Amino acid sequence: MRNLLQFIRGSRDSHRAEPPSLIIIGLGNPGPEYAGTRHNAGFWCIDALAKKHDITLERRHRSAVIGEGDIESSRVVLVKPRTFVNRSGAAVSYLRARYAVPSESLLVVCDDINLQPGKLRLRSRGSAGGHNGIKSVIEAAGSQEFPRLRIGVGRPPEGTGQIEHVIGPMEPEDRKVVDEAVERAADAVACLLSEGIDETMSRFN
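According to our numbering, the sequence shown is numbered sequentially starting from 2.
Okay, here's the thing in structure tokens:
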């Protein structure tokens, strides 16, 4: 019996030790006051993925809420940082240490004011492009070599500041368009895992 228990525990430890195929980090601000704001589009994508693939976000670290599961037969980790967007790198530092993955195994999902509402843009690497959350991730990862999936939320109207725009309430028609884009973003993640990044960019960009 003891040998059997040791075998079972060893198998579980071995499974946990295998690095995930992809760690998907949705950027957003914690707290109910930000739940419906544009800056939380990354959080919404994580919620959509969790629902579609029956993954529960139940593990809580001081820097992130985490769920582990499978998408397209690949082991993944879903993550919502518990910091504000511009400090998202704190979660990345923890995740890379915990799972021992290279930066290429991170996928960051975030809002983008430079894309029209509802548009998606997947890239395999690149600069922060003015997004402070991506900038924080680059600093923590020490690299720009990680994929990122941007969800368009549109530019602020004249007379509205950028910060006010991304953390302000959305008009119902804009929210509907962005919600539809979030669902497509979740589909893009599944495609990325099954078909690779080039095919995914061709289908969803």
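Note that CB positions come from ideal geometry on N, CA and C, so glycine has one too.
Please read all numbers here as calculations on a predicted model, not as lab measurements.
If you run the structure through DSSP and keep just helix, strand and coil, what is residue i?
i, result
"residue 70", "strand"
"residue 63", "coil"
"residue 109", "strand"
"residue 156", "coil"
"residue 102", "coil"
"residue 90", "helix"
"residue 201", "helix"
"residue 36", "coil"
"residue 31", "coil"
"residue 166", "helix"
"residue 115", "coil"
"residue 95", "helix"
"residue 194", "helix"
"residue 9", "At residue 9, the pLDDT of 42 sits below 50, so the modelled position is not reliable; the number obtained from the coordinates is stated separately. Note: residue 9 maps to helix in three-state DSSP."
Does the separation of the CB atoms of residue i and residue j fall below 7 Å?
i, j, result
"residue 116", "residue 153", "yes"
"residue 44", "residue 105", "no"
"residue 118", "residue 77", "no"
"residue 167", "residue 49", "no"
"residue 40", "residue 113", "no"
"residue 34", "residue 195", "no"
To the nearest angstrom, report how far apart residue i and residue j are at their CA atoms.
i, j, result
"residue 16", "residue 75", "Residue confidence is low: residue 16 scores 46 on pLDDT, short of 50, so the model does not pin down where it sits. No coordinate-derived value is stated."
"residue 204", "residue 170", "30 Å"
"residue 122", "residue 63", "30 Å"
"residue 65", "residue 129", "21 Å"
"residue 68", "residue 60", "6 Å"
"residue 90", "residue 174", "32 Å"
"residue 133", "residue 29", "11 Å"
"residue 209", "residue 52", "Because the chain is modelled from 2 through 206, residue 209 falls outside the range shown and cannot be assessed."
"residue 14", "residue 47", "The predicted position of residue 14 is uncertain, since its pLDDT is 46 and thus under 50; a value taken from the coordinates is nonetheless stated next. Cα-Cα distance, rounded: 26 Å."
"residue 150", "residue 202", "10 Å"
Can you name the residues that DSSP bridges to residue i?
i, result
"residue 79", "25, 68"
"residue 122", "151"
Original post:
Where in the segment 129-153 do unbroken runs of the alpha helix (DSSP H), each at least 4 residues long, occur, reported from the N-terminal end onward?
Top reply: 133-142
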